[in-house]
Amino acid sequence: MLKHLNIKIFGRVQGVFFRHSTKQKAEELNIKGFARNEPDGTVYIEAEGEEENLKQFLDWCHQGPILASVKKVEFEFSSEIRNFSEFVILG
3 MLKHLNIKIF GRVQGVFFRH STKQKAEELN IKGFARNEPD GTVYIEAEGE
53 EENLKQFLDW CHQGPILASV KKVEFEFSSE IRNFSEFVIL G
């Protein structure tokens with residue numbers, strides 16, 4: 003069953019290929035949605051996929067790519083399904 007996940011990642015997560023690495027991981031796990039840099043220095047992600055895949059994706063988000071330094075991850079599962087067609091990188 004599809005689930006929706008909202009994630010906000012804090013730390014050194016901009017300028018370290020976080021969004022690009024997130025897209026690669028999402029595609030590997032058949033997750034659709036988006037990742038975008040926020041003005042406050044965080045990365046915001048909306049992701050949809052099978053619950054088990056989303057849990058693996060969330061685990062990965064706690065570490066991110068090698069150059070990142072994740073300090074905190076806030077997340078919330080939701081029943082809202084937006085039916086994304088792919089995973090994209092936004093501003």
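When we follow our numbering, the leftmost residue of the sequence shown carries the number 3, and every step to the right adds one. Glycine is no exception: its CB is placed at the ideal position from the N, C-alpha and C atoms.
{"Check": "Beta-carbon proximity list for phenylalanine 86, same chain, < 6 Å, skipping 5 on both sides", "Outcome": "Lys34, Gly35, Glu50"}
{"Check": "Contact check, lysine 57 vs glycine 13, beta carbons under 8 Å", "Outcome": "no"}
{"Check": "Residues bridged to leucine 7 [DSSP beta-bridge criterion]", "Outcome": "Ala49, Phe79"}
{"Check": "Backbone CA spacing between leucine 60 and methionine 3 [nearest angstrom]", "Outcome": "17 Å"}
{"Check": "Three-way DSSP call (helix, strand, coil) for phenylalanine 59 in this model", "Outcome": "helix"}
{"Check": "Backbone CA spacing between serine 80 and valine 15 [nearest angstrom]", "Outcome": "24 Å"}
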